[in-house]
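S.K.: Just passing along the structure, written as structure tokens.
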Amino acid sequence: MSGEAFMDLAERTPAIARALFRILADRLHDADRHRTQLHGSVALGAVADKLLEIHSYADAGRDRPVFTQEEIACWAGVSVPALARSLRTLRESGVIRSARQRIVVLDEMALREIAQNGRVH
């Protein structure tokens, strides 16, 4: 059946048009959910990578610089809300601890893994 014939059939048969609409809406919803999950994992990986860089300053015997969330977000290439979500995920996973203007890495190996694959295991 040609595309034109199918469209004619859908126009003449409301049940087909409704079913097609439901299928397309479901696919759009699934694609949007996938896009959101993908963006979240990219942000989490980027934030983890930058936290490792900041953490490396103290490991090298240098004073650890203090950064604002806005600066870390900009440096990681994510929005401030995405940074906040990533930090919350890392805290809840026991990878970091945060206090006023201070982030303490509790599990460097886990943070490295997250920086590489963008996911918490």
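The opening position of the sequence shown corresponds to residue 77 in the working numbering, with each subsequent residue numbered one higher. Built from N, CA and C at the ideal position, the CB exists for glycine as well.
(1) Going by Cα to Cα distance, which pick from M77, V180 and E80 is closest to H131?
(2) According to the neighbour-count rule (16 or more other Cβ atoms, all chains shown, within 10 Å of its Cβ), is S162 buried or exposed?
(3) Using only the alpha-carbon positions, how far apart do L114 and E168 sit?
(4) Taking the runs of the alpha helix (DSSP H) that are 4 residues or longer, which of them lie wholly in the region 123-191?
(5) Does DSSP put V196 in a helix, in a strand, or in coil?
(6) Could you pull the start and end residues of the alpha helix (DSSP H) that M83 belongs to?
M.R.: In terms of the structure at hand:
(1) V180
(2) buried
(3) For L114, the predicted model reports a pLDDT of 47, less than 50, meaning its position is unreliable; a value from the coordinates is still stated below. Rounded to the nearest angstrom, the two C-alpha atoms are 20 Å apart.
(4) 145-152 and 156-168
(5) coil
(6) G79 to R88
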